[in-house]
Amino acid sequence: MASKLKVEELRNQLAQRGLTTTGTNPLWSLQRLKAALRQENKQPPHASDVSASIVSRKRGRQSNEDGESTGSEKMKATDEFQDMSVKQLREQATLRGISATGSKKELLERLSEDSDDIPLGGANEEGNGSKEKIVTATKKGAAVLDQWLPEHIKAHYHVLQLGDDVYDAMLNQTNVGYNNNKFYVIQVLESDAGGTFMVYYRWGRVGVKGQNKIQGPYTSRDSAINEFKQKFYDKTKNDWPNRKMFESFPHHYMWIEMDYNEEEKQLSQVQEKNDFALRGQPLETQLEPRIAKFISLICNISMMKQHMMEIGYNADKLPLGKLSKSTISKGYNILKRIADVIGGSNRRTIEQLSGEFYTVIPHDFGFKKMSLRIAPPEAPVTGYMFGKGIYFADMFSKSANYCYATDGCTAGVLLLCEVALGDMAELLTAKYDADKLPEGKLSTKGVGGTEPDLSQARLLDDGVVVPLGKPKENSEPKGALLYNEYIVYNVEQIRMRYVVQVNFNYKR
1 MASKLKVEEL RNQLAQRGLT TTGTNPLWSL QRLKAALRQE NKQPPHASDV
51 SASIVSRKRG RQSNEDGEST GSEKMKATDE FQDMSVKQLR EQATLRGISA
101 TGSKKELLER LSEDSDDIPL GGANEEGNGS KEKIVTATKK GAAVLDQWLP
151 EHIKAHYHVL QLGDDVYDAM LNQTNVGYNN NKFYVIQVLE SDAGGTFMVY
201 YRWGRVGVKG QNKIQGPYTS RDSAINEFKQ KFYDKTKNDW PNRKMFESFP
251 HHYMWIEMDY NEEEKQLSQV QEKNDFALRG QPLETQLEPR IAKFISLICN
301 ISMMKQHMME IGYNADKLPL GKLSKSTISK GYNILKRIAD VIGGSNRRTI
351 EQLSGEFYTV IPHDFGFKKM SLRIAPPEAP VTGYMFGKGI YFADMFSKSA
401 NYCYATDGCT AGVLLLCEVA LGDMAELLTA KYDADKLPEG KLSTKGVGGT
451 EPDLSQARLL DDGVVVPLGK PKENSEPKGA LLYNEYIVYN VEQIRMRYVV
501 QVNFNYKR
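According to UniProt numbering, the sequence shown is numbered sequentially starting from 1.
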């Protein structure tokens, strides 16, 4: 067996296979050789220990089409990791959503174990997001097509369904101790015209796009289904037909059961344009009519869902889809177990249970909804023209664009705030790190081409300036903005004062 070979014998075996023989750690040489033997014998590696004996049970072809590293690909990744500096290894660990702390040896071990999930290259990849994208939810049949599918595929394909089997799998793996919070999407796509099939994969850290791969097209439905089942087994160590009796395994993904039927009912309610809830009219109430109508508007779930379907939705807010009741019940049971041990001193048990909970009930990350908030550091820098801050305008025309009103739902809500701007850093063009203010500056002003006539501004008794008056052209040098923007990076500079409900008039 490979594990009984001496260092020189290991190197000879590696050299015979044209593999790298460098490195002072014999464990890495042993790993490379075992990976080569697995590839030669067409056997999958053992999930829990790279130094374990070669698994004798075969599970068919070990697929590599989604860009993941198996066999020789994993060897390549291991070799490349060894040649990296500690800084580069930490960058790779961060990319994969695993802990980036510790020594080089610890980083190498973590990355080697994780290299079957996120490769160094070879698949469609988008980073944590240099540009935010509002993605459209496309639903045909029971399941929603993955939001990151290309639009031309969304237009002509749907998720395959045979009876009660919807070939749509959402997998998740969370390990609080190692900062792992990963997802894996698998879908079988069938053309709307019939006769053509594809298998779609997407994987990465919860809350970001990650990487994706489309396998196919297939003319055989069974071929696509077999590909789907094989990948499901590779990721979970469970057979797809027996998923209702799912058993979780260490270092493998958990299947997240989704609710398809109930979602279908709610979707049909959302699409009823004349539904009472969409009109936002309260029933019986003791509130003043204007306030009652406003409360009905901002608490209108059907309206929110309608907008999600019409203008798209931010996938970060619903990172993994709609959970079934049984999945939520599992999460509740784990919370009860956490409550039993929360007062104890066994931190490891709490970490383990927390990982179980976040695997069953996936989370991106939470915000307190008590005040205006600046995007956290870990959030992607997406769409922030002047850095992560809270953006204001001095004209309704600017802010009104972000109400996303339509001719079918004309209501909009604007929040009027007092903002302590202080001395402003004025900018004509985008500066994505503008939140790093120059010394003495308290805010950023994006200078626009049109602004209110300040000679008509009103000064309140407490010194607050209210911009009023007709718009006029800015006489100063102009940049790309049509209107002024004011950005602060400290919530203490904001005092929320008024909520204004408006109705948009659409010409017919």
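Yeah, the Cβ is synthetic: ideal placement off N, Cα and C, and Gly gets one too.
- Would you identify the three-state DSSP class for W240, choosing helix, strand or coil? helix
- Anticipated Cβ contact below 8 Å, M395 with Y483, distance rounded: 5 Å
- Task: Could you give the DSSP three-state label for C417: helix, strand or coil?
- Result: strand
- Query: Taking all protein chains shown into account, do 16 or more other C-beta atoms lie within 10 angstroms of the C-beta of L160, making it buried, or fewer, making it exposed?
  - Reply: buried
- Cα-Cα separation, Y384 to Y432: 6 Å
- Task: Please classify M496: is it buried, with 16 or more other beta-carbons within 10 angstroms of its beta-carbon, or exposed?
- Result: exposed
- Query: Looking only at C-alpha atoms, which of G387, L416, P241 sits nearest to S399?
  - Reply: L416
- In whole angstroms, what is the alpha-carbon distance linking I153 and F294? 40 Å
- Message: If the criterion is Cβ atoms closer than 9 Å, does the pair F232 and A169 meet it?
- Response: yes
- Message: Restricting to runs no shorter than 4 residues, where is the alpha helix (DSSP H) found entirely within the UniProt domain "WGR" (156 to 253)?
- Response: 221 to 236
- At what residues does the beta strand (DSSP E) containing P452 begin and finish? 448 to 452
- Message: Restricting to Cα atoms, I'd like to know which of D435, T444, I342 is closest to F392.
- Response: T444
- Cutoff 6 Å; reference E451; Cβ partners in own chain excluding five residues on either side: N474, N484
- Identify which residue in T219, G387, G422 has its Cα closest to the Cα of Q493. G422
- To the nearest angstrom, report how far apart A430 and E476 are at their CA atoms. 17 Å
- Query: Quick one: is G194 buried, meaning 16 or more other Cβ sit within 10 Å of its Cβ, or exposed?
  - Reply: exposed
- Task: Tell me whether the beta-carbon of A457 lies closer than 9 Å to the beta-carbon of L468.
- Result: yes
- Query: In three-state DSSP terms, what is Q406?
  - Reply: First, the amino acid is wrong: residue 406 is Thr here, not Gln. Note: T406 maps to strand in three-state DSSP.
- In whole angstroms, what separates the C-alpha of L481 from that of S397? 13 Å
- Considering L297, what are the terminal residues of the alpha helix (DSSP H) in which it resides? 289 to 298
- Message: Comparing C-alpha positions only, which one of Q187, R202, H251 sits nearest to R221?
- Response: Q187
- Task: Compute the Euclidean distance between the alpha carbons of residue 509 and E426, then round it to the nearest angstrom.
- Result: With the chain covering 1 to 508 only, the question about residue 509 has no answer from this structure.
- Compare the beta carbon distance of Y167 and S191 with 9 Å and say whether it is the shorter of the two. no
- So is V491 buried or exposed if we call it buried at 16+ other beta carbons inside 10 Å? exposed
- Which value, in whole angstroms, describes the spacing of the CA atoms of E418 and R348? 46 Å
- Thinking C-alpha only, which one of Q230, T101, M84 is nearest V199? Q230
- Item | Outcome for N505 when other beta-carbon atoms lying within 10 angstroms are tallied against a minimum of 16 | exposed
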